[in-house]
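Residue numbering for the sequence shown follows this note's numbering, starting at 92 and increasing by one per position.
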Amino acid sequence: MTDPLSSPSPHLTPVHEEFRSSVRTFFRKEVVPYAAEWERRRAMPRSAWHAFAAEGLLGLNHPTSVGGAGLDFFHSVVFLEELGRTGFGGVRFAVALHAYMGTSYLATNGSAELQQRYLRPAVAGDLIAGLAITEPQAGSDLGRLEATAVEDGDHLVVDAEKRFVVNGGFADFFVTAVRTGPGRRRSSQGELTLLVVDRTAEGVHVRPNDSIAWRASAMADVSMRGVRVPRENVIGRRNSGFVQIMKNMQLERLAAGISAVGDAANCLDVTWRYLKSRAMFESTLSAKQAVRHKMADLLTEVEAVRLLAHHAAWSYARDPLSITACSMAKLKATEVARTVAEECRHLHGSEGFREGAPIVQTVHDAQAATVAAGASEVMRDIVVQSGYEELP
Ligand SMILES: Cc1cc2nc3c(=O)[nH]c(=O)nc-3n(C[C@H](O)[C@H](O)[C@H](O)COP(=O)(O)OP(=O)(O)OC[C@H]3O[C@@H](n4cnc5c(N)ncnc54)[C@H](O)[C@@H]3O)c2cc1C
Numbered sequence: 092m093t094d095p096l097s098s099p100s101p102h103l104t105p106v107h108e109e110f111r112s113s114v115r116t117f118f119r120k121e122v123v124p125y126a127a128e129w130e131r132r133r134a135m136p137r138s139a140w141h142a143f144a145a146e147g148l149l150g151l152n153h154p155t156s157v158g159g160a161g162l163d164f165f166h167s168v169v170f171l172e173e174l175g176r177t178g179f180g181g182v183r184f185a186v187a188l189h190a191y192m193g194t195s196y197l198a199t200n201g202s203a204e205l206q207q208r209y210l211r212p213a214v215a216g217d218l219i220a221g222l223a224i225t226e227p228q229a230g231s232d233l234g235r236l237e238a239t240a241v242e243d244g245d246h247l248v249v250d251a252e253k254r255f256v257v258n259g260g261f262a263d264f265f266v267t268a269v270r271t272g273p274g275r276r277r278s279s280q281g282e283l284t285l286l287v288v289d290r291t292a293e294g295v296h297v298r299p300n301d302s303i304a305w306r307a308s309a310m311a312d313v314s315m316r317g318v319r320v321p322r323e324n325v326i327g328r329r330n331s332g333f334v335q336i337m338k339n340m341q342l343e344r345l346a347a348g349i350s351a352v353g354d355a356a357n358c359l360d361v362t363w364r365y366l367k368s369r370a371m372f373e374s375t376l377s378a379k380q381a382v383r384h385k386m387a388d389l390l391t392e393v394e395a396v397r398l399l400a401h402h403a404a405w406s407y408a409r410d411p412l413s414i415t416a417c418s419m420a421k422l423k424a425t426e427v428a429r430t431v432a433e434e435c436r437h438l439h440g441s442e443g444f445r446e447g448a449p450i451v452q453t454v455h456d457a458q459a460a461t462v463a464a465g466a467s468e469v470m471r472d473i474v475v476q477s478g479y480e481e482l483p
């Protein structure tokens with residue numbers, strides 16, 4: 092079957108394709124042989140992070156001043172497609188969150204000192220990032236965040252209950268959002284501040300949350316009780332957290348969308364091999380016209396959404412505030428990947444319902460991607476608002 096990730100794209104040059112082949116070799120040698128075990132154990136070992144870092148893969152998009160590669164964004168597109176292509180959802184999100192979500196706040200708004208203390212070691216794989224925004228009563232609606240930080244001399248004292256933190260089980264630091272306005276009122280977006288909290292700080296407690304999705308990312312709930320955080324750990328200006336989240340969200344959504352394309356391509360690949368191996372009446376499942384048409388439809392969806400994701404990446408590279416393009420790419424790519432996973436599960440017959448079967452995990456992982464980093468309904472709200480509401 093055609094490999095959707097090998098199709099020509101107007102945005103990719105021979106340099107990107109050469110990079111793809113080196114990334115594929117890296118995944119084949121350093122990730123694929125071990126990743127099933129990482130998913131089973133719900134953790135990626137430090138040696139794996141160092142292997143990614145040694146290839147420069149944790150800092151493709153970060154500046155050379157912190158050890159990053161500072162490459163054009165389509166190197167990241169290729170990397171994220173291939174990361175999704177491994178088929179290991181936990182590894183995909185652990186690495187994507189670290190390289191494109193948690194650390195991006197430090198890259199865009201962190202002081203030079205914060206960048207040297209946290210971003211440089213993160214690019215080197217010595218420190219792992221977590222992003223702790225969601226709370227029990229605040230997911231889609233960030234206006235409901237309740238975490239607070241109160242000034243005390245040259246420190247801020249943080250009280251927070253954070254949920255669903257990717258890399259939570261092994262992250263060394265958390266980029267988190269707290270209220271710092273005078274009244275610390277709920278629903279005021281202007282009072283949010285972002286800061287870095289060390290995992291080892293007194294008052295930080297991490298509990299695994301046993302998510303059925305993205306297992307190797309060691310998702311956890313994190314509570315912070317009376318945690319003293321130095322003022323220098325504030326990212327950007329105080330009370331600018333909401334604006335920073337809105338800006339960085341575009342990269343987060345784009346990374347989720349692009350890696351979903353790779354995930355869907357892998358799912359089709361695995362399923363096609365299964366269909367070819369499954370003897371059925373006088374031939375194999377892959378020879379049945381109904382099955383072939385189903386696979387053709389899914390392949391066409393993946394090709395189409397890949398071009399949408401590339402277009403969004405191109406828009407993002409020109410303007411990091413390409414909210415509509417990034418939201419469309421996140422919405423459509425994660426929804427297509429979910430549909431592909433569900434249809435492919437169906438084609439696996441009863442094997443698609445055996446606990447521990449890879450296709451079952453793929454369905455969980457693909458479904459979770461339609462919720463994390465902004466649920467599909469939230470993406471639709473953004474798209475309709477930017478697409479129609481300004482019309483008379
Ligand atoms: C696998 C996974 C990983 C995650 N990783 C992180 C992380 O690393 N850090 C972090 O801070 N958070 C993380 N999250 C949390 C994630 O950001 C939230 O789950 C997401 O924002 C949705 O919030 P919620 O779960 O509270 O759902 P809610 O906000 O309660 O929404 C529930 C459902 O309601 C629907 N809905 C929501 N808004 C609307 C609307 N406007 N109109 C109509 N329907 C709507 C959607 O179907 C949604 O799924 C993760 C979540 C998942 C599933």
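All C-beta atoms, glycine included, are put in the ideal place defined by N, C-alpha and C.
DSSP state of T93 mapped onto helix, strand, coil: If DSSP states are grouped into helix, strand and coil, T93 belongs with coil.
task: Let me know the alpha helix (DSSP H) ranges lying completely inside the segment 119-148, each 4 residues or longer, listed in chain order.
output: Qualifying alpha helix (DSSP H) stretches, in chain order: 123-132 and 137-145.
query: Under the DSSP definition of a beta bridge, which residues are partnered with R298?
result: R298 is bridged to D312.
CB-CB length for H501 against L210, believed under 8 Å: Given a span of 92 to 483 for the chain in the structure shown, any question on residue 501 remains unanswerable.
query: To which residues does DSSP link G175 through a beta bridge?
result: Under DSSP, G175 forms no beta bridge with any residue.
- prompt: Which term fits A229, buried or exposed, when burial requires 16 or more other beta carbons within 10 angstroms of its beta carbon?
  reply: For A229, the number of other beta carbons within 10 angstroms of its own is at least 16, and it is reported as buried.
query: Who are the Cβ neighbours of W363 in its own chain at under 8 Å, not counting the five residues just before and after it?
result: These residues qualify, in order along the chain: M92, S377 and M386.
- prompt: In or out: S113 buried (at least 16 other Cβ within 10 Å) or exposed?
  reply: When all chains shown are included, S113 counts as exposed.
- request: Could you spell out where the alpha helix (DSSP H) holding A346 opens and where it closes?
  value: Annotation for A346: the continuous alpha helix (DSSP H) segment containing it runs G332 to S368.
- prompt: Between the Cα of A457 and the Cα atoms of T425, I473 and E480, which residue gives the shortest distance?
  reply: Taking only the C-alpha atoms, the option nearest A457 is T425.
Distance CB(L174)-CB(S350) smaller than 7 Å: In this structure, S350 lies closer than 7 Å to L174 by Cβ.
query: With 16 as the cutoff for other CB atoms within 10 Å, does T194 come out buried or exposed?
result: When all chains shown are included, T194 counts as buried.
query: Hey, L389 and E442: beta-carbon distance below 7 Å or not?
result: Taking 7 Å as the cut-off, the beta carbon of L389 is found no closer than this to the beta carbon of E442.
- prompt: What residues are listed by DSSP as bridge partners for S550?
  reply: Shown here, the chain extends from 92 to 483; a query on residue 550 therefore has no answer.
query: Hey, would you say M135 sits closer than 7 Å to A187, going by beta carbons?
result: The answer is no: Cβ separation not under 7 Å.
field: Extent of the continuous alpha helix (DSSP H) run through V266
entry: Where V266 is concerned, there is no enclosing alpha helix (DSSP H), although the beta strand (DSSP E) it sits in stretches over F264 to R270.
- request: Report whether the distance from the Cβ of A466 to the nearest heavy atom of ligand 1 is below 6 Å.
  value: A466: yes, Cβ under 6 Å from ligand 1.
task: Could you tell me whether any non-hydrogen atom of ligand 1 is closer than 6 Å to the CB of T222?
output: Note that residue 222 is Leu in the sequence shown here, rather than Thr. Result yes, Cβ under 6 Å from ligand 1.
message: I'd like the span of the alpha helix (DSSP H) that includes E394, first residue to last.
response: From DSSP, the alpha helix (DSSP H) with E394 extends over Q380 to R409.
- prompt: Going by the beta-carbon positions, is the gap between A190 and G221 smaller than 7 Å?
  reply: Not a contact, by the Cβ cut-off of 7 Å.
- prompt: Straight-line CA distance for F179 to V257?
  reply: Going by the C-alpha atoms only, they are around 14 Å apart.
message: If you reduce the DSSP assignment to three classes, tell me which class T225 lands in.
response: Looking at T225 - three-state DSSP - the assignment turns out to be coil, as it is neither helix nor strand.
query: Taking C-alpha atoms, which residue in A215, Q341, N324 and V320 lies nearest to V474?
result: Nearest to V474 by C-alpha distance, out of A215, Q341, N324 and V320, is Q341.
message: Please determine whether the Cβ atom of T225 lies at a distance below 6 Å from any heavy atom of ligand 1.
response: Flag set: Cβ of T225 near ligand 1.
- prompt: Taking the continuous beta strand (DSSP E) assigned at L283, which residues delimit it?
  reply: Residue range L283 to D289 is occupied by the beta strand (DSSP E) that includes L283.
- prompt: Would you call the segment 351-358 and the segment 285-299 touching, i.e. three or more CB-CB distances under 8 Å?
  reply: When C-beta atoms of the segment 351-358 are compared with those of the segment 285-299, fewer than three pairs fall below 8 Å, so the two segments do not count as touching.
- prompt: Thinking C-alpha only, which one of D232, F164 and F118 is nearest A144?
  reply: The residue with the shortest Cα to Cα distance from A144 is F118.
- prompt: Using the C-alpha atoms, what's the distance from L398 back to S100?
  reply: S100 and L398: Cα-Cα distance of roughly 7 Å.
Span separating the alpha-carbon of A160 from that of R445: If I take the Cα positions, the gap works out to 43 Å.
Rounded C-alpha distance that separates N300 from A268: Cα to Cα, N300 sits roughly 20 Å from A268.
task: Pair every Cβ in the segment 317-324 with every Cβ in the segment 241-254, then say whether three or more of these pairs are closer than 8 Å.
output: Yes, the segment 317-324 touches the segment 241-254.
message: At the level of alpha carbons, what is the spacing between V123 and T177?
response: Cα to Cα, the separation comes out at about 7 Å.
- request: Return the Cβ separation of G465 and K421 in integer angstroms, given the expectation that the two are a contact with Cβ distance under 8 Å.
  value: 7 Å between Cβ atoms; contact.
task: Return yes when the Cβ of E130 is within less than 7 Å of the Cβ of R298, no when it is not.
output: Against a cut-off of 7 Å, the Cβ pair of E130 and R298 comes out as no contact.
query: Is K256 near ligand 1, going by C-beta to nearest heavy atom under 6 Å?
result: For clarity, residue 256 is Val in the given sequence; the question names Lys instead. For V256, the Cβ falls inside the 6 Å cut-off from some heavy atom of ligand 1.
field: Residues that P321 bridges to, as DSSP identifies them
entry: Under DSSP, P321 takes part in a beta bridge, and its partners are H246.
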